[in-house]
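Asks: In the numbering used here, the protein residues as written are 378 to 681. I have a structure I would like to understand better, so I am pasting it below and will then ask my questions one at a time.
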């Protein structure tokens, strides 16, 4: 083989160094939901083999925890973007300056104003299910953590579907449900000071949508419930009282203890979950303790 010119050889070497394989472990968490990925540095671009391994872990375990990630916002965005197009949250008030792809999730008040969305995740939900193309997944990176509280709970909606009682399975067969960003918005405005009044342009971005009550995961083929108390308002084709009863039963069934993984955050954790397979909830923390995280969200497919 002819020797490469020095400039080409140097470029090839740099590419090899940048995409060098990393020695990391995927360790399933107790309870059958989630895995932690230890020994990986997301500040370095992943080679195709490593990326495929991470992607498989995400599909298999639904939520993966990358420990001790000392990454910049741009590196967070770059890694997230490898999975698909990023979504920009409607609340532009809480975008990270210079990085609109990042939503600041925080209870911190500075100069009398919130720096982020302090009540994010107050109700069980799948991120951005109120869009025609809901989210594939979200990546949340810890910036400041409270000394107590602040956990995030994840409920496996595949398990919820697989264990549905017969009467509920029959009630939702072939049904579709309405999802609305405004489902709890007014209530949350009354409960706290985090939710600004929405402009006409913001309201136009969050029109109601309709999705199947049971969706098929586009990559694994598994069925999952796709409703949540945070965004689902009614089931089409059912009387209002019956729709409410069925939804309440679905919500209660979804969050049975055996369906849940509770994540206790560690410094610099990056948590990546599958919004097609899970719903999640922020457990909250004492208001005087500072909490700040950065979130990116990946656009997914049309549910079917």
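Beta carbons are placed, not taken as given, at the ideal position from N, Cα and C, and that holds for glycine.
Mind checking which residues open and close the beta strand (DSSP E) that includes residue 420?
Replies: Residue 420 -> no beta strand (DSSP E), and no H or E assigned at all.
Asks: Looking at the secondary structure, which residues open and close the alpha helix (DSSP H) in which residue 669 lies?
Replies: Note, residue 669: premise wrong, no alpha helix (DSSP H); beta strand (DSSP E) at 669 to 676.
Asks: So what does DSSP say about residue 622, is it helix, strand or coil?
Replies: It is helical.
Asks: Quick one: what's residue 483 bridged to in DSSP?
Replies: Residue 483 is bridged to 669.
Asks: Please classify residue 570: is it buried, with 16 or more other beta-carbons within 10 angstroms of its beta-carbon, or exposed?
Replies: Classification for residue 570: exposed.
Asks: Determine the contact status of residue 683 and residue 612, defining contact as a CB-CB distance below 7 Å.
Replies: Here the chain comprises residues numbered 378 to 681, so residue 683 is not present and cannot be evaluated.
Asks: So, is residue 435 buried or exposed, given that buried needs 16 or more other C-beta atoms within 10 angstroms?
Replies: Label assigned to residue 435: buried.
Asks: Is it buried or exposed, residue 577, if we count other Cβ atoms within 10 angstroms and call 16 or more buried?
Replies: By the 10 Å Cβ count, residue 577 comes out exposed.
Asks: Measuring CB to CB, does residue 558 end up less than 7 Å from residue 507?
Replies: Going by C-beta atoms, residue 558 is nearer than 7 Å to residue 507.
Asks: Let me know if residue 647 comes out buried or exposed under the rule of 16 or more other beta-carbons within 10 Å of its beta-carbon.
Replies: Buried.
Asks: Give the DSSP-derived three-state secondary structure of residue 634 in the structure shown.
Replies: Residue state, collapsed to three classes: helix.
Asks: Quick one: what's residue 598 bridged to in DSSP?
Replies: Residue 598 pairs with nothing; no bridge assigned.
Asks: Assuming residue 637 contacts residue 530 (C-beta within less than 8 Å), just tell me the rounded distance between them.
Replies: Yes, residue 637 and residue 530 are in contact; Cβ-Cβ is about 6 Å, under 8 Å.
Asks: Helix, strand or coil for residue 400 per DSSP?
Replies: It is coil, neither helix nor strand.
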